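One gets our numbering by counting positions in the sequence shown from 1 and adding 84 to each. For every residue, glycine included, the Cβ atom is placed at its ideal position computed from N, Cα and C. For clarity, every value in this text was computed on a predicted model and none was experimentally measured.
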Amino acid sequence: MKGLILVNLGTPESPTISAVRCYLNEFLSDPDVIDAPAIVRWLLLHAIILPFRPRRSAHQYQQIWTKNGSPLLCHTNALAEAVQKQLGSNICVAVGMRYGNPSIATAIEEVLKRGVREILFFPLFPQYSNATTGSIEKRIKEGWRDSFKMAPPFFQDDGFLQSFAEVGRPVIEKNHPDHILFSFHGLPEKQIQKGDPYRDQCLKTATGLALQLGLEEKDYTICFQSRMGAGRWIQPYTDQEVVRLLDSGKKRLVIFAPSFVTDCLETLEEIGIRYRKLALAHGAESFELVPSLNNHPRWITAICEMFHRAYV
């Protein structure tokens with residue numbers, strides 16, 4: 085029997101300060117996330133980040149938390165259920181989080197109990213980065229000694245690009261934007277200098293999505309969000325681009341976040357709340373976030389197609 089484990093980043097158990105602190109401690113202790121010597125990473129985490137950031141992050145999570153819990157976990161579970169239905173009972177589908185629960189180890193245990201002996205791990209990150217997919221692969225190797233398969237990055241996959249185009253096209257048609265932004269999660273510039281392919285893959289995703297949407301280069305901007313700390317991250321920065329575009333007379337903006345396939349803190353709160361307030365404060369007439377793929381029918385089919393290709 086074959087298994088498919090959908091792997092996402094993770095989420096706090098609740099939007100409380102203590103739960104967020106626990107989550108951030110696990111997340112930011114990963115040397116693939118904070119690329120610094122162990123003692124420096126420990127000092128940053130325990131002297132600067134954990135004493136202050138959990139309160140602010142908990143407030144942000146509280147603004148997007150649903151009656152069913154974390155949006156990221158709810159959307160990922162709904163996606164897994166839909167993929168399971170489409171693949172059929174001969175395939176076992178489970179969810180694992182790199183940080184928090186359900187863990188990757190829990191997901192492996194779940195599929196093994198159901199008789200699975202061949203596992204495809206599917207990181208829900210279109211573009212490869214050592215801080216996401218690379219870290220996931222290391223964790224899998226630590227806890228899973230038998231052979232396994234990793235789904236490749238899908239930043240140029242036709243099904244992925246078609247899914248985002250199908251979700252975004254109605255938003256564009258409704259709002260008639262002056263300009264479109266493709267906002268990707270940021271990464272420290274020094275990671276790119278070490279050879280991480282993330283930025284190049286983001287650019288290829290944006291180009292492919294623009295082609296799907298029939299956009300010309302003048303119609304869109306590629307930018308990066310969610311930077312942390314004082315170091316230099318991939319530029320241009322999304323918040324600065326929003327202000328620049330509005331100041332240049334582009335008053336109606338639509339923004340995609342094509343490094344996220346499930347809506348989460350970075351889409352719903354950072355873009356949907358904070359950047360929207362920023363845009364309105366700088367004279368935007370319209371600022372609309374394109375929802376992520378979540379469990380869109382074309383995206384469900386795309387995952388199933390990639391699953392079957394992995395076993396050809």
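Which of the three DSSP states is assigned to residue i in this structure?
| i | result |
| --- | --- |
| Ile192 | helix |
| Lys86 | strand |
| Ser267 | strand |
| Leu329 | helix |
| Ala235 | coil |
| Val345 | coil |
| Leu204 | strand |
| Ser102 | helix |
| Ile38 | Past the boundaries of the shown model lies residue 38; the chain is included only from 85 to 396, so the question cannot be answered. |
| Ser213 | coil |
| Asn379 | coil |
| Trp228 | coil |
| Gly279 | coil |
| Asp242 | helix |
May I ask you to list the residues that DSSP assigns as paired with residue i?
| i | result |
| --- | --- |
| Trp39 | Since the first residue shown for the chain is 85 and the last is 396, residue 39 is missing from the structure and cannot be characterised. |
| Thr150 | Gly153 |
| Asn259 | None; Asn259 has no bridge partner. |
| Thr305 | Leu265 |
| Asn92 | Met181 |
| Val338 | Ile264 and Glu372 |
| Ser141 | Paired residues: none, contrary to the question. |
| Ser187 | Met181 |
| Cys176 | Gly87 |
For residue i, which residues in the same chain have their Cβ closer than 6 Å to its Cβ, ignoring the five residues on either side in sequence?
| i | result |
| --- | --- |
| Lys334 | Asp262 and His263 |
| Thr31 | It is not possible to answer for residue 31, since the shown part of the chain is limited to 85 through 396. |
If residue i and residue j are in contact, beta carbons under 8 Å, what's the gap, nearest whole angstrom?
| i | j | result |
| --- | --- | --- |
| Val167 | Cys388 | 6 Å |
| Cys176 | Gly87 | 4 Å |
| Thr351 | Ala363 | That belief does not hold up - the Cβ atoms of Thr351 and Ala363 are roughly 15 Å apart, past 8 Å. |
| Tyr107 | Tyr183 | 6 Å |
| Ala235 | Leu204 | 6 Å |
| Asn214 | Asp323 | Asn214 to Asp323, Cβ: 25 Å. No contact. |
Who are the near neighbours of residue i in its chain, counting only those whose CB is closer than 8 Å to its CB and skipping five residues on each side?
| i | result |
| --- | --- |
| Ile276 | Tyr282, Arg283 and Ile318 |
| Arg382 | Gly243, Gln246, Ser247 and Glu250 |
| Tyr321 | Gly270, Cys307, Phe308, Gln309 and Arg311 |
Taking 7 Å as the limit between beta carbons, can you name the residues of its chain near residue i, skipping five residues before and five after?
| i | result |
| --- | --- |
| Tyr66 | Shown here, the chain extends from 85 to 396; a query on residue 66 therefore has no answer. |
| Trp228 | Ile192 |
With three or more beta-carbon pairs closer than 8 Å as the criterion, would you say the stretch 254-268 touches the stretch 223-234?
No: fewer than three Cβ pairs fall under 8 Å.
Does the contact criterion of 3 or more C-beta pairs under 8 Å hold for the stretch 264-271 versus the stretch 192-199?
no
Would you call the stretch 231-245 and the stretch 288-300 touching, i.e. three or more CB-CB distances under 8 Å?
Here the stretch 231-245 lies against the stretch 288-300, with 3 or more beta-carbon pairs under 8 Å apart.
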